[in-house]
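Undergrad: Be aware that the sequence shown starts at -11, since it is given in my numbering, and climbs by one per residue. C-beta: ideal position from N, C-alpha, C; glycine also. Note that the structure is predicted; figures quoted are calculated from it, not measured.
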Amino acid sequence: NGAVTGIILKIGPTAWKAFDDGKSWAKVGDHVHFKRHVADLIPDPDNPDKKLFLLTDENIQGVYPEEVENE
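As structure tokens, then:
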């Protein structure tokens, strides 16, 4: 289905600005669910052998208090 889960590693300075009151609804360390096709795959600056998903806050479909299994 193209959906994946991941962990928020960093949040940019413009996150949450386009939504309602601009208050954040997720934080670094949160487990999130998103569609793979809306994210860009970029090299991990700390480990060139790994890739990271880069996505906008509007593409996060769910936030979970703990890790969920990819189906």
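Please work out which residues of its chain come closer than 8 Å, Cβ to Cβ, to R24, disregarding the five sequence neighbours upstream and downstream, and give them in chain order.
TA: Around R24: G(-10), A(-9), V(-8), F41.
Undergrad: Do three or more CB pairs link the stretch 43 to 53 to the stretch 9 to 28 at distances below 8 Å?
TA: At 8 Å Cβ cutoff, the stretches touch.
Undergrad: Would you identify the three-state DSSP class for V20, choosing helix, strand or coil?
TA: Looking at V20 - three-state DSSP - the assignment turns out to be strand.
Undergrad: In terms of DSSP beta bridges, what is P31 paired with?
TA: Beta-bridge pairing links P31 to K39.
Undergrad: Tell me which residue opens and which closes the beta strand (DSSP E) that T44 is part of.
TA: T44 -> no beta strand (DSSP E), and no H or E assigned at all.
Undergrad: Look at the alpha carbon of N35 and the alpha carbon of G10, and state the distance between them as a whole number of angstroms.
TA: Whole-angstrom Cα-Cα distance: 32 Å.
Undergrad: Going by other Cβ atoms of all chains shown within 10 Å of its Cβ, with 16 needed for buried, is V20 buried or exposed?
TA: With 16 or more Cβ atoms within 10 Å of its Cβ, V20 is classed as buried.
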